[in-house]
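Position one of the sequence shown corresponds to residue 8 (our numbering), numbered consecutively onward. Accompanying notes for the structure given below.
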Amino acid sequence: MISSTDMIDPQDDRRHTPGPDSLPLWSESYWFPIYDPKAKVGVVTRIGILPNQGRATLWMFISHEGRIVHNATNLDCPLPEGDIDDLRVGPVAYQCLEPLRKWRLTYDGGDYGMDLEWNAFCPVYQYPPPPGSTVDQAARHIEQSARVRGTITVAGKPIEVDCLGHRDHSWGGERDWTKLCTWTYMSCEFDERLSLNAVQIWFTPEAQFKVGFFWDGSDVMGLQDLGAVIHTNEDRTVQTGASLWLVNEKGQRHELTAEVIDVCPVRIGPTQVNDAITRFRLGDRVGYGIIEYGYQTDADGKPVGVEA
8 MISSTDMIDP QDDRRHTPGP DSLPLWSESY WFPIYDPKAK VGVVTRIGIL PNQGRATLWM
68 FISHEGRIVH NATNLDCPLP EGDIDDLRVG PVAYQCLEPL RKWRLTYDGG DYGMDLEWNA
128 FCPVYQYPPP PGSTVDQAAR HIEQSARVRG TITVAGKPIE VDCLGHRDHS WGGERDWTKL
188 CTWTYMSCEF DERLSLNAVQ IWFTPEAQFK VGFFWDGSDV MGLQDLGAVI HTNEDRTVQT
248 GASLWLVNEK GQRHELTAEV IDVCPVRIGP TQVNDAITRF RLGDRVGYGI IEYGYQTDAD
308 GKPVGVEA
């Protein structure tokens, strides 16, 4: 099956340098969400690199038994040096042991930390870039699922984990969160032969963009179509679950429901980004992953724009 994975080279996983025509908010980011349902522990961590701004950002959440127990998020960090062989922002390090395949993730926050090995079980999927665009004009973006083993430390106690996880890597274009009216992002791993990703973005109330992938154990493929409804609390500030349907490139339709376990919130200026550790159901199958719900806020911090 033809897939945009055919365009991926191991060098694409490395850090990139903005070109002469790059935008002020040219960005590169690495994001890893991981959750072990047996141990009821997980992390959501992201390094964002903004070379034209001379700074980096760090998201670092640890969730245990349905609540955030540690948050080391810092949106104003020094630019990291070097490449993905040892990418460090503050006390967090991502070490790529094999591009497109294997990573080690570590964090030392005293009584809280992680030491995890992330091993891909499917090929990467690249979102199709706009035809004729350069990386300075439009971001490139890959997604991938994995088996994760290691320890997450909570209140001084290392907890063994052996679970599934996800990642994405974006580079180029610009990461101007304020240009997104609202969006929903979902990723889920059911087992090593079934994982998926589904995204809806509203740039304006009329302009919607959809993208995602489906891994069926033999092929990683794009989606023909998808639709998602996000369930929230009464004031629409926090997601509580979702209903999702999607059709993959083989024409197979799948319908899912989702229930939020815990929410990792990040405020970036007027933009609210909520990454929720989530339980997904597909028929009798149960998987775990993320619902990301993002929106712009008014002066009172209330959501504005399209209701997702």
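Backbone N, C-alpha and C define an ideal beta-carbon position, used for all residues, glycine too.
Reduced DSSP category for residue i - H, G, I as helix; E, B as strand; rest coil
i: residue 160; result: strand
i: residue 184; result: helix
i: residue 58; result: helix
i: residue 143; result: coil
i: residue 106; result: coil
i: residue 282; result: strand
i: residue 165; result: strand
i: residue 17; result: helix
i: residue 95; result: strand
i: residue 33; result: coil
i: residue 24; result: coil
i: residue 240; result: coil
i: residue 46; result: coil
i: residue 245; result: coil
i: residue 298; result: strand
i: residue 131; result: coil
Beta bridge counterpart(s) of residue i as assigned by DSSP
i: residue 68; result: 51, 78
i: residue 293; result: 288
i: residue 255; result: 230
First through last residue of the beta strand (DSSP E) which encompasses residue i
i: residue 261; result: 260–275
i: residue 215; result: 215–222
i: residue 124; result: 119–127
i: residue 113; result: 109–116
i: residue 189; result: 189–198
i: residue 306; result: Neither: residue 306 is in no beta strand (DSSP E) and is coded neither H nor E.
Neighbourhood of residue i by C-beta, 8 Å cutoff - its chain only, sequence neighbours within 5 removed
i: residue 26; result: 141, 142, 143
Beta-carbon proximity check, residue i vs residue j, cutoff 9 Å
i: residue 227; j: residue 293; result: no
i: residue 273; j: residue 52; result: no
i: residue 193; j: residue 160; result: no
i: residue 111; j: residue 119; result: no
i: residue 69; j: residue 168; result: no
i: residue 248; j: residue 238; result: yes
i: residue 295; j: residue 287; result: yes
Contacting residues, own chain, Cβ-Cβ under 6 Å from residue i (five flanking each side not counted)
i: residue 15; result: 131, 133
i: residue 19; result: none
i: residue 256; result: 228, 229
Residues near residue i in its chain [Cβ-Cβ closer than 7 Å; skip 5 each side]
i: residue 211; result: 188
i: residue 308; result: none
Min CB distance residue i to chain B below 9 Å
i: residue 263; result: Given the protein chain composition of this structure (a single chain), no chain B is represented.
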